[in-house]
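Sequential numbering from -12 applies to the sequence shown in the working numbering.
By construction, the Cβ of each residue, glycine as well, lies at the ideal position given by its N, Cα and C atoms.
Encoded as structure tokens, the structure appears first; notes follow it.
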Amino acid sequence: MSGKLYLRTYGCQMNAYDSEKIAGVLGAAEGLAAAGGPEEADVIVFNTCSVRDKAQEKVFADLGRVRHLKQSNPRLMIAVGGCVASQEGDGIVARAPFVDVVFGPQTLHRLPELLARRRTTGAPQVDVSFPEIEKFDRLPEPRTTGASGFVSIMEGCSKYCSFCVVPYTRGEEVSRGFEDVVGEI
């Protein structure tokens, strides 16, 4: 498949890093190039942040804004990823039944497979699991051009502070191997 991807990123620098990886994964697997806006897209991905309630509600408002696109083009795929997806899981599909795929930060590498399964089965796909370090093993090379870019050396957190959602949305702390990090640089 080739087509256009509209990718909207909410929140932190980790989401910016993840969005770069999402674009790379979908570019490699499905030949998707950047769309100028959601109305041009074959696949729409919202990479979400759950730090504040307002950010969560903004995602659902933005989903409401693209609903008509799905109604006029049933082949359009709409995916919600990131921390809101991880927190809400099946609740996203319950609240916005036109969403095709829900995936967490640790399963973004499975997005092409989830989209394919949705196209085949017709059933919404939800994968917000926390596989060990699998995500790092299956990501494409960085697409950054210029003098700087993101290099993830670890993700998640194992501290479970009472005020923080990171362990619940990004999983336990997982570190990459030294050779992998140096190889990416």
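In the three-state DSSP reduction, Phe90 falls in the strand class (E or B).
Going by DSSP, Ala81 is part of the alpha helix (DSSP H) stretching over 77 to 82. The criterion of a C-beta distance shorter than 8 angstroms is satisfied by Glu160 and Ser145. Short of 7 angstroms from the beta carbon of Leu13, and not among the five residues preceding or following it, lie these beta carbons of its own chain, in chain order: Leu(-8), Leu19, Val30, Leu98, Pro99. Rounded to whole angstroms, Arg82 and Gly136 show a C-alpha spacing of 35 angstroms.
Remark: C-beta atoms of Leu56 and Pro25 approach each other more closely than 8 angstroms.
In the three-state reduction of the DSSP assignment, Asn34 falls in the strand class.
Per DSSP, the unbroken alpha helix (DSSP H) holding Leu98 starts and ends at 98 to 108. Secondary structure of Ser162 (DSSP, three-state): strand.
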